[in-house]
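Using our numbering, read the sequence shown as starting at 34 and increasing by one per residue.
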Amino acid sequence: MSSRTDQRDVDGGAPPRWRLLGPGLVVAATGVGAADLVATLVAGSKYGYALLWAVVLGCVMKIVLVEGAGRYSLATGRTIFEGWATLGRWTSWYFGPYITIWGIVYGAAAMAGTGLALHALLPFLGVKAWGVVCGLLGAALVWTGRYGIFEKVLGVLVLLMFVTMVGAAVVTLPNLPDMVGGLVPRIPDGALVNVLSVAGGVGGTITLAAYGYWLREKGWSTPRFMRVMRIDNTVAYVVTGIFVLATLIVGAELLYSARIAVATGDEGLLDLSNVLEDRYGSVTGTVFLVGFFAAAMSSLLGVWNGVSLMFADFVAHARQEGPQAAAAGGRYYKAYIVWLTVPPIILIYLGKPVALILAYGVLGAFFMPFLAVTLLWILNTDRVPREWRNKLPSNIAMVLCAVAFAALAVNEVAKAIAGA
């Protein structure tokens with residue numbers, strides 16, 4: 034018996050038009066946080082352009098996965114969680130604890146990252162105080178669930194991110210022949226973890242699965258929007274790839290050539306700001322800090338909105354309530370915003386329990402393989418109308434994504450256990 038619902042194009046009208054600012058840019062920008070930039074920066078400082086191909090690979094993997102999530106939502110009218118629920122209760126047993134633990138730990142990390150950038154720009158408040166301000170501001174901006182406002186604010190932050198990092202790459206005068214050589218896949222000695230971090234860091238988190246929710250909020254809800262969704266997704270990850278490439282260029286030209294090391298946490302971006310200031314002047318360093326803040330704040334805002342939509346959907350289905358309970362601005366949506374904001378403030382000041390960090394690391398490591406495998410399962414069965422199921426190229430790409438992210442998961446679990 035078929036477990037899917039056909040989604041018909043009943044809205045008619047002219048074909049939808051694509052614009053640069055849309056759900057694709059939202060999901061891509063949200064997935065690139067300060068930690069991802071530092072991982073790319075460190076890779077550039079260690080290996081120059083040798084891992085440039087991994088940036089391209091990361092873009093392709095995210096395009097494949099996000100397209101799959103968007104295709105499912107448009108083809109069926111269902112959310113990704115509804116798709117997971119058709120695979121069995123085990124998906125909820127994993128996703129429920131994961132989204133709960135992930136929220137409190139990520140909330141603290143996101144606020145700390147934004148606080149670090151703002152403290153460097155405006156030191157009259159401490160890092161923790163600025164982090165709390167950013168968390169509360171993010172909660173206020175997304176509280177009502179109005180997608181239009183959220184998208185415009187995120188668009189401004191993305192513009193700041195792009196201009197500052199690409200500008201930093203341009204002033205370092207990249208070596209074009211070395212860049213071309215970096216497109217040839219090779220893994221230098223000891224660089225496997227860096228390859229996985231760079232490829233995984235091109236806009237890849239739980240927010241990939243939020244794409245279908247942002248499509249719905251945008252008003253893209255039927256197969257009529259399939260073509261524009263694919264353009265939206267592809268262009269967004271190309272733009273994000275250019276941004277991450279710019280980060281690698283800065284690492285390769287500014288740090289690798291001078292043998293300058295940077296910290297591996299968010300502090301690494303502060304180190305880079307100081308290097309830019311010493312080399313090119315205080316204005317360049319300050320402009321870069323603005324981009325650092327924009328990257329951290331865009332991730333915070335995207336999670337406060339997108340993952341709250343996912344949580345609301347999860348709880349509404351668990352309690353067998355109607356779609357109104359899962360809506361943006363509803364009580365479950367707002368409850369998760371509070372969860373992302375208030376308990377993490379306590380963690381910022383008191384520290385994170387080891388057991389919580391271990392659970393966060395282990396559960397989080399498996400999300401990307403979980404997403405890739407479940408999309409493969411869903412998109413090859415009658416849960417999706419036949420015309421929108423995976424074709425051979427999509428299946429090959431998703432299998433490769435699942436294998437790559439499984440390898441990254443093993444590494445992340447090892448790191449989490451070692452850190453604990």
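Where is the CB? At the ideal position from N, CA and C, for every residue including glycine.
For Ala61 and Ala269, the gap between their C-alpha atoms comes out near 6 Å. Rounded to the nearest whole angstrom, the C-alpha separation of Ala351 and Leu425 is 34 Å. Pairing Gly101 with Met431 gives a Cβ-Cβ distance under 9 Å.
Boundaries of the alpha helix (DSSP H) around Val191: 180-204.
Tyr365 sits in a helix when the DSSP states are folded into three classes.
Leu74 and Leu322 do not touch by the CB rule: their CB atoms are close to 14 Å apart, not below 8 Å.
In terms of Cα proximity to Phe325, the closest of Leu70, Val59, Thr267, Gly57 is Leu70.
Sorting Asp415, Ala279, Ala440 by C-alpha distance to the C-alpha of Ala108 places Asp415 at the top. As the crow flies, the alpha-carbon of Val165 is around 44 Å from that of Asn413. Closest by C-alpha distance to Gly159, out of Thr177, Ala145, Ser230, is Ala145. Taking the Cβ atoms as the reference, Ala83 lies roughly 7 Å from Arg219, within the contact range of under 8 Å.
Membership of Pro56 in the alpha helix (DSSP H) is indicated by the continuous run 56-64.
Between the segment 189-198 and the segment 275-283, the count of Cβ pairs shorter than 8 Å is three or higher; the stretches touch.
Remark: C-beta atoms of Tyr365 and Val340 do not approach each other more closely than 9 Å. Boundaries of the alpha helix (DSSP H) harbouring Ser331: 315-351, taken from the DSSP string.
Collapsing the DSSP output to three states places Phe157 in coil.
Per DSSP, reduced to three states, the secondary structure at Gly214 is helical. By the Cβ test, the segment 188-195 is not in contact with the segment 166-179, since fewer than three Cβ pairs between them sit closer than 8 Å.
Contact between Val213 and Ala76 is absent: CB atoms are separated by about 18 Å, not below the 8 Å threshold. Annotated as proximal: Ala162 and Gly148, with beta-carbon spacing under 9 Å.
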